[in-house]
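Okay, so the sequence shown: first residue is 3 according to the numbering used here, each after it adds one.
Okay, so here's the structure we're looking at.
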Amino acid sequence: MSKKKNNFKVSIIMGSQSDYSTMKYCKKVLNILKIKNEVNIISAHRTPDRMFKFAKAAERKDISIIIAGAGGSAHLPGMVAALTRIPVIGVPIESKKLKGLDSLLSIAQMPKGIPVGTVAIGKDGAINAALFAASIIAINSKSVRNNLNLWRKKQTRSVKKKPR
Ligand code: RP5
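Structure below.
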């Protein structure tokens, strides 16, 4: 993953339009950190051909990291990870019936051989997925490293010493 300047791209995918209310935070953070990104709806079970095409083209399109949000029986991150060697971070979407526990376990409990990095359920997970992707990219990108350091400094400054 050695690139000239800040030429790294993250692909955000999700199983449904309904996931975007969570996954939009991922995009927001990547934009703040000035990391190029693209967003697409890809469902493993409703658009399997789209998923296959996307995963097979990802390397050619020079995507560095894939962040995949899915809810319920959340097989999208694992299926995509099986089709490409690009690292996949899975975001468990909070489902209505099981509050996202189904999504979390589906994503985290990948059997050995095909890993999926898993973050927390919902908005926190979406934000952390972007920050985690940034940390990985920062290994090879000075500008992303600087932006990430600034983000953390700002976060530290925002914590008051005393409660009001
Ligand atoms: C999953 O089913 C999606 O990732 C979404 O979280 C869930 C519900 O989808 P919709 O019924 O809202 O389209 O595939």
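Where a beta carbon is used, it is the ideal one built from N, C-alpha and C, also for glycine.
Remember, it's a predicted structure, so these values are computed and weren't measured experimentally.
When every heavy atom of the ligand RP5 is checked, does at least one fall within less than 7 Å of the C-beta of residue 139?
-> As a first step, residue 139 must be located in the sequence shown, where it is residue number 137. For residue 139, the Cβ stays outside the 7 Å cut-off from all heavy atoms of the ligand RP5.
Secondary structure of residue 139, DSSP reduced to three states | Locating residue 139 in the sequence shown gives position 137, counting from the first residue. Helix, per DSSP.
Residue 46 (DSSP reduced to helix, strand or coil) = Your numbering for residue 46 matches position 44 in the sequence shown. Coil.
Under 6 Å Cβ to Cβ from residue 128, same chain only, skipping five residues before and after it: list those, please.
-> If you number the sequence shown from 1, residue 128 lands on position 126. Sequence-distant partners of residue 128 (beyond 5 residues in either direction) whose C-beta falls short of 6 Å from its own C-beta, in its chain, are 24, 25, 27, 28 and 93.
Spatially closest choice to residue 107 from 132, 79, 89 and 115, by CA coordinates = For the purposes of this step, residue 107 is identified with residue 105 of the sequence shown, where counting begins at 1. Per the Cα distances, 79.
For residue 33, count neighbouring C-beta atoms within 10 Å of its own C-beta (all shown protein chains included) and say buried if the count is 16 or more, exposed if not.
-> Taking the first residue of the sequence shown as 1, we reach residue 33 at position 31. The residue in question, residue 33, is exposed, as its Cβ has fewer than 16 Cβ neighbours within 10 Å.
Is any heavy atom of the ligand RP5 found at a distance shorter than 7 Å from the C-beta of residue 95?
-> By 1-based counting over the sequence shown, the position of residue 95 is 93. In this structure, residue 95 has its beta carbon less than 7 Å from a heavy atom of the ligand RP5.
Residue 158, buried or exposed, once every other Cβ within 10 Å from all chains shown has been counted against 16 | Along the sequence shown, read from residue 1 onward, the residue named residue 158 stands at position 156. It is exposed - the Cβ of residue 158 has fewer than 16 other Cβ atoms within 10 Å.
In the DSSP assignment, find the alpha helix (DSSP H) that holds residue 81 and state where it starts and stops.
-> On the sequence shown, residue 81 is found 79 positions in, with the first residue counted as 1. For residue 81, the enclosing alpha helix (DSSP H) begins and ends at 78 to 85.
Is the beta carbon of residue 135 less than 8 Å from the beta carbon of residue 41?
-> As a first step, residue 135 must be located in the sequence shown, where it is residue number 133. As a first step, residue 41 must be located in the sequence shown, where it is residue number 39. Not a contact, by the Cβ cut-off of 8 Å.
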